[in-house]
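Chemist: First the structure, then my questions, so here it is.
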Amino acid sequence: VHQIHLELAQQITADFHEAFSGPNAKHFTPNKQLAEACLVVSVLDPKVKRDLLKWFIGLQLAEYCHLFQENQDTAWLDKIDRRYAWLKRHLMEFEDKFGPMFPPRWEVSERITVEFCHITRSELSKLMSKRKSEIDVKLLLYAIQRTSNFENLLSRRFTGVTLEESHDNLTTTGRRKSQPSASTNPFELSPFHGIIGKCFEPYLYIYIESLDRNLADLIERFVQDAKQQQQQQQTSTAASLPVEGSGVVLSSCADLFVFYKKCMVQCTQLSTGQPMLGLAATFQRYLREYAIKLLQNNLPKIASPGSIGTSMSSITRDLRDLSTSGLIQNFHSLLKEGEVTRYTREEQARVCSILTTGEYCLETTQQLEEKLKEKVNPELADKINLSQEQDMFHNVISNCIQLLVQDLETACEPALTAMSKISWQNIETVGDQSGYVTAITSHLKQTVPVVRENLASSRKYFTQFCVKFANSFIPKFIQHIYKCKPISTVGAEQLLLDTHMLKTVLLDLPSIGSQVNRKAPASYTKIVVKGMTKAEMILKVVMAPTDPARAFADQFAKLLPEADSSEFQKVLDMKGLRRSDQSHLVELFRSQQLPTVTPAGSSAAAAGGPAPFSVSLNSPEHESSRIKKLEKLIKKRL
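In the working numbering, each residue's number is its place in the sequence shown (first place is 1) plus 1206.
Shown next, in the form of structure tokens:
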């Protein structure tokens, strides 16, 4: 039987050679004898079929190899379509003439196509290596696009079953051949994807470099457009940086990410390997450039807070001697004299617009990183990291908020300085709120609604603006309270009234000037209540008598448990005490601070009370009646 197998194999192989490469090959027509011989080959040793098909496929592609030799004009990339047209034409002729002769299970057309792809990839690789300098991005993308279209066509025409077989171990039955097809990877879009196109991957750096140049040009165009819009803004008060309106995301930002999306889709079609890392690095470079050139550099400049002190130094020192009535008459001129340069409404809108753009960039950059990691080969995903770029956009947002806060602080600074210049010891009666409170309130009503309106789409950052302003303004206000010295009891009452009015305005700051009365965020309210309550407590201590000394120290410790000796001394300065009179009170206060570390098991420690003042609070009844009287007095004044 084995000998019969060998003789049959030799006879059938010889018949095929005679038919297809013999003297009468040009006049050969398929016949039933060769078709039945193929069925015999299917049950012989698999090597017989393998060798026969290898010879036959080589014969079919001999013309292709001759027509597209590397020294032929048709071999270069600009004529790549001709290669694929040749195969389409040849397959149609082959299937019309010889298709019925071969068993369908042999998939001869697919095998010819697969070998054609392998030869083409090898030849193109050698050719491009020799003529690298002639490849530009236009030619490269043309060749890649035509190749990709051809591969997609093949995936629709063939199952790709022969691709799953080992090149050296062709299967002999249709049953075994169909099994791998059922287990193909469901995530593989095309079994022929990259079968030729892989040869272009080493040259995709040309494409990445081209993208780099295009992005550089795009950023430069954005910069020039921004400059033109700012020039228009200077010549026309109605103009603003974003054409679409105030506080909106800059259109250049959307343009940039649309371009990024197109690049990513295109690069994914070309390769999901190393070139994707090059693309990610290019994206990172121009995200940083956008953050600096289009956002950070376009933020309007603001006068330095340090200049305020200089401008206020010229305020007349005679204010100390003004009476209350004289103070009211001269207050507006005092404020006017301390006016400073501020942002215009258009500049405020520009800062808000850059802030919202920074927010959009931050969120989109996060999505971009996720998308890049999803598209790139899994083993390269960890090498994509856009956290530095996200940090840059975070910084832009923080800078915008800080500039808005600084602008509003700058507006309020003259009023605070004027407050500290008032002759508080000469005030004889408590009246309505002072002019500086009205001035501060006016600035808040002018600025906050503009910021709120422009940050309508970024509510959380508007809240951050309010929180940062409160965290910055209230400590400054307290420092200016300490500068109100010397101050009489009536003056302290007036200042307490002003503080309470300012506290009310600050609590309502997030919705100030709005028809919709929305409750302020709890985090913001907590900051205002804590800070302004401290200011009120300072003034209550100022109104308390220093005699007896221990009671005064106890009162200070009770109302201001977190204060230190330096603040205690500032309160004494406000009361107008001489240094010699202060020393005893300061020593007494410091002595009360000594038992901060209580022995283990002490009642104060066990109760979780404020350790620094555990001794002075052992008898709180001592001052409670006096505090109540002071509170009644303040309520009556209010």
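We put the CB at the ideal spot given by N, CA and C, even for glycine.
Quick check on the DSSP output: the alpha helix (DSSP H) that includes G1637 runs from which residue to which?
Modeler: Run containing G1637: none; DSSP gives neither H nor E here.
Chemist: Out of S1328, E1316 and E1340, point me to the one whose CA is closest to T1365's CA.
Modeler: Closest by alpha carbon: E1316.
Chemist: Does the Cβ of E1321 have 16 or more other Cβ atoms within 10 Å, making it buried, or fewer, making it exposed?
Modeler: Buried is the call here.
Chemist: Just verifying my parser: in three-state terms, what is the DSSP assignment at H1893?
Modeler: This structure cannot settle anything about residue 1893, because the visible part of the chain is limited to 1207 through 1844.
Chemist: Under the rule that 16 or more other beta-carbon atoms within 10 Å means buried, what is K1468, buried or exposed?
Modeler: So K1468 ends up on the exposed side.
Chemist: The alpha helix (DSSP H) spanning W1261 covers which residue range?
Modeler: Start and end: P1252 to Q1266.
Chemist: Could you name the residues of the same chain whose beta carbon sits closer than 6 Å to that of M1707, not counting the 5 residues immediately before and after it, in chain order?
Modeler: Closer than 6 Å at the Cβ level, and outside the excluded window around M1707, lie Q1639 and V1643.
Chemist: At which residues does the alpha helix (DSSP H) containing S1328 begin and terminate?
Modeler: S1328 -> alpha helix (DSSP H) spans V1314 to K1336.
Chemist: Hey, could you find the ends of the alpha helix (DSSP H) F1308 is sitting in?
Modeler: Looking at the DSSP string, F1308 is not in any alpha helix (DSSP H), and its letter there is neither H nor E.
Chemist: Leaving aside the five residues before and after K1689 along the sequence, list all residues of the same chain whose C-beta is less than 7 Å from its C-beta, in chain order.
Modeler: Within the same chain, K1689 has close Cβ partners S1626.
Chemist: Alpha carbon to alpha carbon, how far is K1732 from K1781? Give it in angstroms, no decimals.
Modeler: Their Cα atoms are separated by approximately 30 Å.
Chemist: For Y1466, count the other beta carbons within 10 Å of its own beta carbon; 16 or more makes it buried, fewer makes it exposed. Which is it?
Modeler: By the 10 Å Cβ count, Y1466 comes out buried.
Chemist: Would you check whether the ligand FMN has a heavy atom nearer than 7 Å to the C-beta of E1619?
Modeler: Ligands in the displayed structure: none, and consequently the ligand FMN is not present.
Chemist: I'd like the span of the alpha helix (DSSP H) that includes K1732, first residue to last.
Modeler: A1728 to M1749 is the extent of the alpha helix (DSSP H) around K1732.
Chemist: Under 7 Å Cβ to Cβ from Y1492, same chain only, skipping five residues before and after it: list those, please.
Modeler: Closer than 7 Å at Cβ, skipping near neighbours: L1421 and I1425.
Chemist: Of the choices P1681, L1650 and D1770, whose alpha-carbon is the least far from that of I1718?
Modeler: I1718 has its Cα closest to that of L1650, out of P1681, L1650 and D1770.
Chemist: Where do the ends of the alpha helix (DSSP H) carrying Y1348 lie?
Modeler: First-last of the alpha helix (DSSP H) with Y1348: V1343 to R1363.
Chemist: Whole angstroms is fine: what's the gap from F1226's alpha carbon to S1477's?
Modeler: Cα-Cα distance, rounded: 41 Å.
Chemist: Residues in its own chain within less than 6 Å of D1423 by CB, not counting five upstream and five downstream?
Modeler: Within the same chain, D1423 has no close Cβ partners at all.
Chemist: Please report the residue range of the alpha helix (DSSP H) in which L1609 lies.
Modeler: S1593 to K1627 is the span of the alpha helix (DSSP H), which, as asked, contains L1609.
Chemist: Below 8 Å on the Cβ atoms is my guess for T1705 versus M1749; work out the distance and round it to an integer in Å.
Modeler: Not confirmed; about 12 Å, so no contact.
Chemist: Mind checking whether I1401 and R1352 have CB atoms under 8 Å apart?
Modeler: Cβ distance not < 8 Å, so I1401 and R1352 don't count as in contact.
Chemist: So what does DSSP say about G1366, is it helix, strand or coil?
Modeler: G1366 falls in the coil class under three-state DSSP.
Chemist: Considering only residues of the same chain and omitting the five flanking positions on each side of T1563, which have a CB-CB separation below 7 Å?
Modeler: Excluding residues within five positions, the ones whose Cβ falls inside 7 Å are V1455, L1456, C1459 and L1501.
Chemist: Looking only at its chain, what residues have a beta carbon closer than 7 Å to the beta carbon of P1408, apart from the 5 residues adjacent to it on each side?
Modeler: Taken in chain order, the list of residues that qualify is empty.
Chemist: Report, in whole angstroms, the separation of the C-beta atoms of I1263 and I1218, which I expect to be a contact under 8 Å.
Modeler: With 8 Å as the limit, I1263 and I1218 do not qualify as a contact, their Cβ atoms being about 17 Å apart.
Chemist: Tell me whether P1751 is buried or exposed, calling it buried when 16 or more other Cβ atoms sit within 10 Å of its Cβ.
Modeler: Exposed, because fewer than 16 other Cβ atoms sit within 10 Å of the Cβ of P1751.
Chemist: Would you mind sorting R1295 into buried or exposed? The rule is 16 or more other CB atoms within 10 Å of its CB.
Modeler: So R1295 ends up on the exposed side.
Chemist: Quick one: residues in its chain with C-beta nearer than 6 Å to the C-beta of L1293, no 5 flanking neighbours on either side, listed in chain order?
Modeler: Counting only Cβ-Cβ distances below 6 Å, and skipping sequence neighbours, we find F1322.
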